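Student: The structure's right below; bear with me while I get my questions together.
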Amino acid sequence: MIRYKIEIDRTGCIACGVCYSLNPSHFEPDEEGKSTVVGGETDAKASSGVFEDEEIENARDAEDSCPVSIITVTEL
Ligand code: SF4
Numbered sequence: 002m003i004r005y006k007i008e009i010d011r012t013g014c015i016a017c018g019v020c021y022s023l024n025p026s027h028f029e030p031d032e033e034g035k036s037t038v039v040g041g042e043t044d045a046k047a048s049s050g051v052f053e054d055e056e057i058e059n060a061r062d063a064e065d066s067c068p069v070s071i072i073t074v075t076e077l
């Protein structure tokens, strides 16, 4: 098991949909299409959540694919 944190700087999200299309188990859209972390804590500026599973590579794929580089995945 790997414990890791996903953070999104929602102020820069352009609602492109790449992260939640690639990885709907970690990311989902709000009503405006801006990304949030599934099961995480979200406000207008940020969203974050901690996971403990074998799926960190999927999270990193989304991190690498975000066109405005506002997703951060950190192993804890
Ligand atoms: S890939 Fe980046 S810009 Fe696109 S919806 Fe996800 S967080 Fe927002």
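For the record, in the sequence shown the residue sitting at position 60 is 61 according to my numbering, with numbers rising by one throughout. Ideal Cβ positions, reconstructed from N, Cα and C, are used throughout, including at glycine. The model shown is predicted, which means the values in this text are computed figures rather than measured ones.
#1: Opposite alanine 47 in the DSSP bridges: which residues?
#2: CB of valine 19 to nearest heavy atom of ligand 1: below 7 Å?
#3: Is DSSP giving serine 66 helix, strand or coil here?
#4: Taking just the CA atoms, how far does serine 48 sit from aspartate 65?
#5: Per the DSSP calculation, aspartate 31 is bridged to which residue(s)?
Tutor: Taking the geometry as given:
#1: As a working mapping, residue 47 is identified with position 46 in the sequence shown. Partner(s): Asp10.
#2: If you number the sequence shown from 1, residue 19 lands on position 18. Yes - ligand 1 has a heavy atom lying nearer than 7 Å to the Cβ of valine 19.
#3: Walking along the sequence shown from the start, residue 66 turns up at place 65. In this structure, serine 66 counts as helix in the three-state DSSP scheme.
#4: Sequence index remark: in the sequence shown, residue 65 carries index 64 (1-based). Sequence index remark: in the sequence shown, residue 48 carries index 47 (1-based). The straight-line gap from Cα to Cα measures roughly 17 Å.
#5: Working through the sequence shown from its first residue, we reach residue 31 at position 30. Per DSSP, none; premise fails for aspartate 31.
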